[in-house]
Amino acid sequence: RKYDVALPLWQYSLSRLSEPCRISRLGYEGGGEGHSNVVDEATEIVVSKRGVACAIELWVDYACRVGDGDSFKTVSTSSPAGQQLVRKLHEHVAVEVGDKFSIKTRFGDDPIESFTLDIEIPNQ
Numbered sequence: 221r222k223y224d225v226a227l228p229l230w231q232y233s234l235s236r237l238s239e240p241c242r243i244s245r246l247g248y249e250g251g252g253e254g255h256s257n258v259v260d261e262a263t264e265i266v267v268s269k270r271g272v273a274c275a276i277e278l279w280v281d282y283a284c285r286v287g288d289g290d291s292f293k294t295v296s297t298s299s300p301a302g303q304q305l306v307r308k309l310h311e312h313v314a315v316e317v318g319d320k321f322s323i324k325t326r327f328g329d330d331p332i333e334s335f336t337l338d339i340e341i342p343n344q
């Protein structure tokens, strides 16, 4: 079983090895119908900095409607005031620029966790 921990990552001397990217998008619009998983395929993450990967950092960007129109403001848990979710990797992995990770997000497939991450990492 994999477990995540919520941490204020600004307190730690960590270095991102890739650019941030979207791994899933949930729609909450419309009459309490719940959410729908819009992203069905794996997201490819390209390593942009050589190093050793030990975890994957996740956060949520909320698009909050402003007024009755089509204007939105983003509220993010990636800021220092927020806490990011950290999924530790089973083993540390040395990565080079251009290496690729693959992450697929699934919702509702697990009776214990609300979401599941399928992570494929080079050299592991």
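If you read the sequence shown in this note's numbering, its first letter stands for residue 221, the second for the next number, and so on.
Glycine is no exception: its CB is placed at the ideal position from the N, C-alpha and C atoms.
Consult DSSP for residue i and reduce its assignment to one of helix, strand or coil.
i	result
Gly252	Any reading at Gly252 needs caution, since the residue's pLDDT is 46, under 50, leaving its predicted position unreliable; the model's value is listed next. Residue state, collapsed to three classes: coil.
Tyr231	According to the sequence shown, residue 231 is Gln rather than Tyr. Reduced to three states, the DSSP call for Gln231 is helix.
Val306	strand
Ser298	coil
Among the residues of its own chain, which have a CB less than 8 Å from the CB of residue i, if the five just before and after it don't count?
i	result
Pro300	Pro228, Trp230
Using a Cβ-Cβ cut-off of 6 Å (strictly less than) and excluding sequence neighbours within five positions of residue i, which residues of its own chain qualify?
i	result
Lys293	Cys284, Val286
Leu278	Leu305
Asp281	Thr294, Ser296
Report all residues from its chain with a CB closer than 7 Å to the CB of residue i; omit the five preceding and five following residues, and keep chain order.
i	result
Glu316	Val267, Arg270
Can you tell which of the options has the C-alpha that lies nearest to the C-alpha of residue i?
i	options	result
Asp338	Ala314, Arg307, Gly318	Arg307
Ile263	Thr336, Phe335, Phe321, Val272	Per the sequence presented here, residue 263 reads as Thr, with Ile not at that position. Out of Thr336, Phe335, Phe321, Val272, Phe321 has the C-alpha closest to the C-alpha of Thr263.
Starting from residue i, trace the beta strand (DSSP E) in both directions and tell me its first and last residue.
i	result
Arg285	281-286
Cys274	271-278
Ile323	320-327
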